[in-house]
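S.K.: Have a look at this one before I ask anything.
Chains as they are written, first to last, in UniProt numbering: chain A, 1 to 733; chain B, 1 to 127.
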């Protein structure tokens, strides 16, 4: 869509009230004014001049329009309706009362245009609207007269931040539109002048609407461009995404997110800002200006395009091209599209996006359907140059070694056919992500101590679920035991043993989150239970939560009947690892035959990553308790983490001999193989672990990684859909 | 690494340690051959960009060092929070989704960034 169209409420939109995604402003304008031609007229109305005190502050403007590039998106999600209303209101008001105008002494009297309207003296006390409108008009005027428009001080117009933003944006576009024949310096000077007069600065945030009309427009806007009705999966993610803080309530795209990120990114915005500074200080370097102007233009375009929720839109190459242009990474020079020689900040990330945009199909469609016959050279050039443009960046990627995400994404997109289904693929990947997020959220809840009960528990109502749970546990049916134990604690929330066993079952099932949650409940009921404290220490160590782990291990010592004396009577505020280790060593010396002390010491050494000492401790403990499967696993894990993978596997095997359904040990086996690069083997072990506990999320993630490392992308889908049967058939042990 | 006197100890620290050792193994050496890039990871304890600890994962030499990269410019620099990095390394969070959400920031070469996948990192075994 051409800028012209956007700006002038162009001809494409004939009926008022019609909504056309390609011409938002036009339709708005039409709705408001009933016809687009009127707006055109207004633009042509040229108020004559009346002098006003001028500040002569030569384009000192800190380059607002120019720094209003990627960074500005961060500041305010663009609301075109806001722009439209403000701008139109400005013009509307012009209708009501003739135009006071704002000139300064530099305004030359050789006004080439016929004074069509008699103007009053500038009424600086007048309603802000009037002053503003006249000011805006003079800006417009100056275009026609070829007269440089110089900044002037205006009374406080009470422009809201949103208004300012609109004015800024609109004026930059308008300037480019009007001054198309002028040099770029001129354009920017003009805009700067306008903005500095209006005291529009960079730091603008869009506020709530202050005007009724704005509200109406917003409503109208949302009606026409709001979430598309219907069960289109694209809606799901759009809606969800809209709720994401990044969006500020407006559905925002990943491009905007990216741009936003870059706005916040120190050096990126500095880069833009620097450019802006250069421009504003009248040290206009010829090279940069055209780029910046184009950037500004395309940024506006990109913004408006971004308002379109259609995922096709977002992902189209066209849109990305526009975004890219807006960031100055590519410029149109001599009818060629050239990547900017300056390393633009968003360079790599746009390419990154490009990689994922995949299908040219969308871009094709878009370009054909919606590309206006507008004269904008660069748009046409893009259509023709697209092939050329693609080569440079995309080829680089196709040569790359195939990667997890990139490939998957590209494949997903490539598999889609025209239009909808490709959007669907992307949307469904996103849905999947969202599901993942809710699952993760669940997990994170339990890590904060909130235990998550299973639904549909067949053991609820069982006469003695605890006993049942213990039986099942003994038999090694961990998941079943979990259910039974859940039934027990639902029945008797104060049953410490129930909670404890539940926690252990979860840990053995390779779910530390739930294990912690259950153990915390057990600790509430029975604060001095040593096994509980140890288990908590272990789980937290696994989760790399070192401070918490230390706390629990210390508590173990304190509450121990025998070693309680080793530690000082008052609990110190902050625990230092070194001190705790000393206490434990003391305790160990006290009774060298107590396996438990050695076990706890082993865990402690894991915390501090003194793996050799940890291994030693565990081995000592194992001499005393050779049939403790959990101990073998601890030994194995320590060895694995110190990259003695061969030994680790032996230890795990011992554990599994003692407890064949030890899910954790199976998963750990998989990890050891994977860490050694033996991905095919690791897959088998993961699958085995998952067969025993389909809820082991860690194992699913690891399986996925191993699958792609082993180049078994064909099975990725089975993995994502958690199709265990399929996986088991394919990867038996 | 023995005593953590600091009040804020990053979880990622453990992962980095593991990575360091991992790179001395055959599998780790294969990684340097396969990738051959230098990454810098800026990890913040809670909020992106605040109190960052930097690590250099040098997959050219096969080293992991704390601090920023001194011998030139890293091929790609990432910023995450502690938790997010752990998730990504474990495969729990998709890096591209993380990027889109703004949970991960990238600077530098895009192709280098794309090679930064969860499988680079060894997984911790659980006791």
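Ideal Cβ placement from N, Cα and C applies to all residues, glycine included. These numbers were taken from a predicted model, which means no experiment stands behind them.
1. If you follow the alpha helix (DSSP H) that residue 57/B is part of, which residue opens it and which one closes it?
2. Between which residues of its own chain and residue 776/A is the CB-CB distance below 6 Å, once the five residues before and five after are set aside?
3. Using 7 Å as the threshold, is the C-beta distance between residue 481/A and residue 490/A below it?
4. Compare the C-beta of residue 127/B with all C-beta atoms of chain A and state if any pair is closer than 7 Å.
5. Tell me which residues of the UniProt repeat "TPR" (595 to 628) of chain A have at least one Cβ-Cβ distance to chain B shorter than 8 Å, keeping chain order.
6. For residue 89/B, which residues from the same chain have a beta carbon less than 7 Å from its beta carbon, with the 5 sequence-adjacent residues on both sides left out?
7. For residue 708/A and residue 600/A, I'd like the C-alpha separation in whole angstroms.
8. Under a Cβ-count criterion, where at least 16 other Cβ atoms within 10 Å of its own Cβ denotes burial, should residue 774/A be classed as buried or exposed?
9. Who are the near neighbours of residue 691/A in its chain, counting only those whose CB is closer than 7 Å to its CB and skipping five residues on each side?
10. To the nearest angstrom, report how far apart residue 18/B and residue 64/B are at their CA atoms.
11. Along the chain, where does the beta strand (DSSP E) that runs through residue 33/B open and close?
12. Using a Cβ-Cβ distance under 7 Å, would residue 677/A count as near chain B?
13. I need the boundaries of the alpha helix (DSSP H) containing residue 686/A, first residue and last residue.
14. My guess is that residue 553/A and residue 537/A are in contact by the Cβ rule of under 8 Å, so how many angstroms apart are they, rounded?
15. Using a cut-off of 8 Å between C-beta atoms, extract the partners of residue 68/B located in chain A.
16. When burial is assigned at 16 or more other CB atoms within 10 Å of the CB, is residue 501/A buried or exposed?
17. Are the CB atoms of residue 539/A and residue 512/A within a distance shorter than 7 Å?
18. Can you confirm whether residue 693/A, when its beta carbon is compared against all beta carbons of chain B, has any partner nearer than 7 Å?
19. By the 10 Å Cβ neighbour count, where 16 or more other Cβ atoms means buried, how is residue 503/A classified, buried or exposed?
20. For residue 48/B and residue 105/B, which I take to be in contact (beta-carbon distance under 8 Å), what is that distance rounded to the nearest angstrom?
21. For residue 54/A, which of helix, strand or coil comes out of DSSP?
22. Under 8 Å Cβ-Cβ, which residues of chain A neighbour residue 17/B?
23. Pairs of beta-carbons, one from the stretch 710 to 721 of chain A and one from the stretch 49 to 62 of chain B, closer than 8 Å: are there three or more?
24. Taking the continuous alpha helix (DSSP H) assigned at residue 624/A, which residues delimit it?
25. Kindly give me the distance between the Cβ atoms of residue 655/A and residue 665/A, rounded to whole angstroms, as I take these residues to be in contact under 8 Å.
26. Any C-beta of chain A sitting closer than 7 Å to the C-beta of residue 74/B?
27. Specify, as a first and last residue, the run of the alpha helix (DSSP H) that residue 106/B falls within.
28. CB-CB under 6 Å to residue 567/A, same chain, minus the five flanking residues each way: which ones, in chain order?
29. Residue 672/A and residue 705/A - do their beta-carbons sit closer together than 7 Å?
30. List, in chain order, every chain A residue whose beta-carbon is nearer than 7 Å to that of residue 27/B.
31. Please state the DSSP three-state secondary structure of residue 84/A.
32. Taking buried to mean at least 16 other C-beta atoms within 10 Å of its own C-beta, is residue 564/A buried or exposed?
33. Quick one, which residues of the stretch 111 to 122 of chain B are near chain A if we go by CB-CB under 7 Å, in chain order?
34. Please look up how many angstroms separate the CB atoms of residue 541/A and residue 606/A, rounded, as I've assumed it's under 8 Å.
35. For residue 30/B, count neighbouring Cβ atoms within 10 angstroms of its own Cβ and tell me buried if that reaches 16, exposed if not.
36. Beta-carbon within less than 7 Å of residue 645/A's beta-carbon, same chain only, minus the 5 sequence neighbours each way: which residues are those?
M.R.: In terms of the structure at hand:
1. Residue 57/B -> not in any alpha helix (DSSP H); beta strand (DSSP E) instead, spanning 53 to 58.
2. No answer is possible for residue 776/A: the residues shown for chain A start at 1 and end at 733.
3. no
4. yes
5. 603, 606, 608, 609 and 610
6. 15, 118 and 121
7. 38 Å
8. Here chain A covers residues 1 to 733 and nothing more, so residue 774/A does not appear.
9. 724 and 728
10. 10 Å
11. Residue 33/B -> not in any beta strand (DSSP E); alpha helix (DSSP H) instead, spanning 26 to 34.
12. yes
13. 679 to 692
14. 4 Å
15. Within 8 Å Cβ-Cβ: nothing; residue 68/B doesn't reach chain A, min ~15 Å.
16. A residue is called buried when at least 16 other Cβ atoms come within 10 angstroms of its Cβ; residue 501/A meets this threshold and is buried.
17. yes
18. False, the Cβ-Cβ gap to chain B never drops below 7 Å.
19. Buried.
20. 7 Å
21. For residue 54/A, the pLDDT reaches just 39, beneath the cut-off of 50, and the residue's location in the model is therefore unreliable, although a value from the coordinates is still provided. Looking at residue 54/A - three-state DSSP - the assignment turns out to be coil, as it is neither helix nor strand.
22. 609
23. no
24. Looking at the DSSP string, the run of the alpha helix (DSSP H) that includes residue 624/A is 611 to 624.
25. 5 Å
26. no
27. Boundaries for residue 106/B: no alpha helix (DSSP H) harbours it, while the beta strand (DSSP E) harbouring it runs 105 to 108, taken from the DSSP string.
28. 557, 558 and 583
29. no
30. For residue 27/B, the neighbours in chain A by C-beta distance under 7 Å run, in chain order, 675, 676 and 677.
31. Any reading at residue 84/A must be qualified, since the residue scores a pLDDT of 45, below 50, and its modelled position is unreliable; the value itself is stated next. When secondary structure is reduced to three states using DSSP, residue 84/A falls in the helix class.
32. exposed
33. 111, 113, 114, 115, 117, 118, 119 and 122
34. 6 Å
35. Exposed, because fewer than 16 other Cβ atoms sit within 10 Å of the Cβ of residue 30/B.
36. 672, 675 and 676
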